[in-house]
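For reference, the structure is listed below as structure tokens.
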Amino acid sequence: MGLEFGHNLGLRRALRGLPLSPLFPGYGRLVAQQRALGLRHIGDALVERGRVLGVLDGVFEEGGARRRQHIGADRLRQLGAARGGAYGPLLAQLEAVQLQDPAALRRILLYQLVELLQAHPQGSDPATAVALGICPQEAGPLVRVAAAHLRLDGEQRRAVEELADAWADGKVRRAAGLAALLPAGGGGDALLRRRLAEIAERVKEADGALDAAREAEKAGDARTAEDCTLRAACLASDCPRALLGLVRLHRPGGGASAGGEKPDPAAAGDKRAEPREVLTLRPAPETVTVALSPMPPAADAANGRRVIRLTRVPGGPTGITEITDLSPAGGWVDHSPPFGQEVRYAALPLRDGTIDGPPVVSDVLLVAPDVSGLRSTTGRGRIEASWTEPSGALGIRVQLVGPDGPVDGDAVRTGALTVTGLGVGAYVLRVHCRYRSPDGAVIESAGAEHRVSVDPWPTPVDRLDATAVHGSVRFSWSGGDDADVRLVAWPAGPPEPGAELTDDPARPWPAPLPWQAGADGGLVPPPGSVTRVSALAVLGPRAVAGPGLVVECPPAVAGARVERVGGGRARVTFDWPAEAGEVAATVEQDGASTVHRVVARSTYVREGLYVGVAPSAFSLTLSAAPRTPDAVVVPPPGGAVRVPADIAVSYRIVPGARRALRRGPSLLRVTLSCPGEVPSDLPEFVLVARSGNGRDPVRPRTPTDGTTLLRVGGGTLSPGSPVELPVPSGLRPPYALRGFLLGEGAADVRLDEPSPTTLVVR
């Protein structure tokens with residue numbers, strides 16, 4: 186029936202046996218797309234649900250109303266339009282495969298089916314092929330021939346899948362290496378056998394060209410040697426001997442043709458007839474950019490040139506690396522140059538993917554890049570520098586040269602440097618990167634250089650003190666000898682002491698404290714203020730922040746009144762200041778004695794405020810209690826109440842002595858009680874009598890409410906020496922007596938009166 190492989194069935198160039206290799210360039214990309222979709226083989230994308238594949242004499246879709254339909258480019262286009270989405274790119278690539286080679290689609294499909302069947306434990310069972318989507322009528326022949334087909338190991342399978350790519354790219358040496366892994370004769374695959382023969386023939390031609398080049402070079406015929414080497418490179422673009430020979434034999438401004446004959450320089454397409462090109466290198470910390478000058482058009486640079494890097498390895502073969510990444514600015518970018526090694530780059534012209542002329546070769550470059558982003562800042566006798574080191578650097582060597590020569594003691598961190606204790610002047614900073622060469626030696630980069638100047642800075646203030654004196658605060662400090670020291674209040678919090686500041690319009694320095702001058706050279710803070718005062722040492726456009734302290738001036742207390750209430754106490758009343766939590770009362774008495782008491786508002790409202798005092802004069806000052814711990818407290822001006830000493834004048838009526846049946850005249854005894862020195866303005870004491878119309882006389886209310894009986898001048902009174910005067914007897918009883926104090930000092934002297942009953946005369 187013809188249902189076996191090996192019959193002359195199907196399309197022209199159809200397989201007479203199973204393929205050993207897909208033998209199609211780009212097979213790896215195709216498989217990546219297939220696996221991304223979760224497909225077992227490409228046939229899963231070629232049929233609709235419920236249909237099967239026929240692969241015996243072509244690729245067919247079987248099932249449905251039409252029963253059997255050939256899958257060609259038209260059908261693939263229809264499937265792509267119908268499925269779209271994620272299947273679109275894969276079907277578009279399969280359509281391109283079919284258009285390029287009508288037999289390639291079936292070859293790829295059979296190669297994948299055989300691989301799956303050979304790897305399956307029941308690969309010889311036709312049901313396995315049916316499960317893979319194969320038509321049941323063809324499942325038996327397929328599994329029989331797959332079971333008898335040559336089996337490949339992992340390395341051989343990689344070789345057959347990559348062989349077409351290597352051949353298409355002109356990498357004959359690689360193709361030959363892959364072919365060496367395969368069985369001789371192609372394992373029954375006629376197309377593979379022909380391809381292996383072509384590879385062997387191409388290798389033979391390339392070796393012959395290289396042998397001819399070697400002989401010509403020995404004979405001193407450099408032109409012929411270059412032509413033969415160029416032919417070998419055209420035959421095998423990945424031949425290391427050919428590529429290295431082209432670089433070694435290249436002549437700037439000259440070249441050779443690929444055919445080995447000396448072409449006419451005026452002929453079209455001859456590279457030597459074109460203007461001389463130069464290959465320039467632009468090293469960067471991590472890359473090397475390769476550019477042709479004059480720069481070719483972008484399309485020509487991408488498709489018409491092949492750029493390789495040659496790495497010199499002492500005592501070993503020269504390494505060859507192809508550079509394919511393009512630079513946005515034109516040229517090519519080598520993203521992984523070998524640090525610490527010498528390299529050269531060569532740009533080879535291409536035509537249809539084949540080397541078509543002598544290379545343009547760069548100068549030798551030692552890959553030892555410098556640091557990037559070298560920058561610095563300066564401060565008070567200090568330079569701080571930072572940079573970015575290349576990833577391949579072993580380390581860094583830094584040299585700082587100043588006005589007096591090299592500077593010792595460089596403190597180098599990773600990617601940074603700090604040097605202190607420097608004098609004013611100009612400095613040069615050089616940073617060298619160190620690299621390990623292949624022979625173990627350490628080499629250095631040329632060095633990145635940066636010039637920097639250390640400017641004069643003020644000496645900072647190291648200590649700030651403040652003392653409250655008579656309602657003002659007096660400041661003192663140490664340091665800042667060569668600077669303009671300003672006392673300032675920062676609006677948004679002071680910088681740390683020692684912070685270096687420059688004249689920045691975005692954050693100007695605050696103006697000096699606007700406080701008024703007080704006594705003894707102090708400054709008077711506003712009442713109710715809490716100020717963080719900081720020292721700022723200024724020298725020209727630079728300043729150094731100094732220490733600070735808190736000065737608090739609590740709000741003043743109004744309406745203060747003090748009254749002695751006896752028992753060594755005084756009652757204090759005042760108007761409670763707004764926003765004050767506590768009020769402090771300070772009593773100064775007898776020089777050194779000081780009484781300090783703090784009362785909360787709730788306590789003051791409930792109990793009032795009492796202070797213990799001695800009879801002597803005292804001063805009482807009220808102020809809101811400070812709210813800031815460790816602040817220098819400056820009491821607000823005023824607010825002190827002066828209370829005089831407790832001076833008392835007491836008087837008594839002493840009955841006269843009895844004489845027979847009559848009493849003698851009564852005596853007025855006036856006594857002065859005065860702590861400390863007696864004031865010179867003591868008031869006058871007067872005794873006033875008032876008669877009554879009834880049984881009980883009325884006491885005098887004022888010094889003029891009655892008859893003045895006696896007067897005792899203040900100058901006649903002294904502590905411990907009572908004054909006694911007889912009470913006149915001209916008044917008719919009954920009458921009441923009462924003493925009064927008269928004069929300017931009367932309000933400051935307390936009158937101690939006896940019991941009113943002792944002052945009634947009947």
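Residue 186 is where the sequence shown starts when you use the numbering used here, and the numbers rise one by one after that. C-beta: ideal position from N, C-alpha, C; glycine also.
- Ala361 and Ala427 have their C-alpha atoms some 16 Å from each other.
- Membership of Leu852 in the beta strand (DSSP E) is indicated by the continuous run Leu852 to Ser858.
- In this structure, Leu420 keeps its C-beta atom at 7 Å or more from the C-beta atom of His334.
- Cβ atoms of Pro522 and Val552 come within 8 Å of each other, at about 5 Å.
- With a cut-off of 8 Å on Cβ pairs, the region 785-802 is in contact with the region 748-758, counting three or more such pairs.
- Less than 7 Å separates the beta-carbon of Val673 from that of Leu721.
- In this structure the region 506-526 does not lie against the region 557-564, because fewer than three pairs of beta carbons, one per stretch, are closer than 8 Å.
- Runs of beta strand (DSSP E) with 3 or more residues, each lying fully within the region 572-648, are found at 580-587, 596-598, 601-604, 610-621, 627-629 and 633-639, listed in chain order.
- According to DSSP, residue pairing for Glu748 in a beta bridge involves Arg756.
- Here DSSP, grouped into helix, strand and coil, assigns Trp352 to helix.
- Collapsing the DSSP output to three states places Ala532 in a strand.
- Taking all protein chains in view, the Cβ of Lys389 is surrounded by fewer than 16 other Cβ atoms within 10 Å, so the residue is classified as exposed.
- Going by beta carbons, Ala417 and Leu434 fall outside the 7 Å limit.
- When the alpha-carbon of Trp675 is set against those of Pro690, His655, Ala696 and Gly656, the nearest one is in Ala696.
- Scanning Leu535, Lys356, Ile293 and Pro732 for the CA closest to the CA of Asp423 turns up Lys356.
- Straight-line measurement puts the Cα of Gly270 at about 30 Å from the Cα of Leu241.
- Using a Cβ distance threshold of 7 Å, Leu464 and Tyr530 count as a contacting pair.
- Residues Leu853, Leu872 and Leu910 of the same chain have their beta carbon placed closer than 6 Å to that of Leu895, with the five preceding and five following residues left out of the count.
- If you look at Leu922, you'll find it in the beta strand (DSSP E) that goes Tyr920 to Leu927.
- If you keep only unbroken alpha helix (DSSP H) runs of at least 4 residues inside the region 314-338, you get 321-333.
- When DSSP reads this structure, Asp519 sits in a beta bridge with Val473.
- The beta carbon of Asp640 is closer than 8 Å to those of Thr563, Val609 and Arg727 in its chain, skipping five residues each way along the sequence.
- Here Thr892 carries a strand assignment [DSSP, helix/strand/coil].
- C-alpha of Ala375 to C-alpha of Arg358: approximately 22 Å in a straight line.
- The C-beta distance from His781 to Ala704 rounds to 23 Å, too long to fall under 8 Å, and the pair is not in contact.
- Looking only at Ile493, Gly500 and Arg497, the smallest Cα-Cα distance to Thr509 is reached by Ile493.
- If you compare the alpha carbons of Ala745, Ser787 and Phe660 with that of Leu734, the shortest gap goes to Phe660.
- Rounded to whole angstroms, the gap between the alpha carbons of Asp688 and Asp548 is 50 Å.
- Ranked by Cα distance from Val604, the first of Ser571, Ser630 and Gly577 is Ser571.
- For Ala304 and Ala391, the gap between their C-alpha atoms comes out near 39 Å.
- One Cα belongs to Leu686, the other to Val729, and the distance between them is close to 6 Å.
- Listed in chain order, the non-local C-beta contacts of Glu929 below 7 Å within the same chain comprise Asp866, local neighbours out to five positions each way being set aside.
- The beta carbon of Ala633 sits closer than 6 Å to the beta carbons of Asp555, Val556, Leu559 and Val616 from its chain, once the five residues preceding and following it are set aside; these are given in chain order.
- Between Pro690 and Val819, the C-beta gap is not smaller than 7 Å, which leaves the two residues out of contact.
- For the pair Gly590 and Val613, the Cα-to-Cα distance works out to about 10 Å.
- Sequence-distant partners of Arg491 (beyond 5 residues in either direction) whose C-beta falls short of 6 Å from its own C-beta, in its chain, are Leu533 and Leu535.
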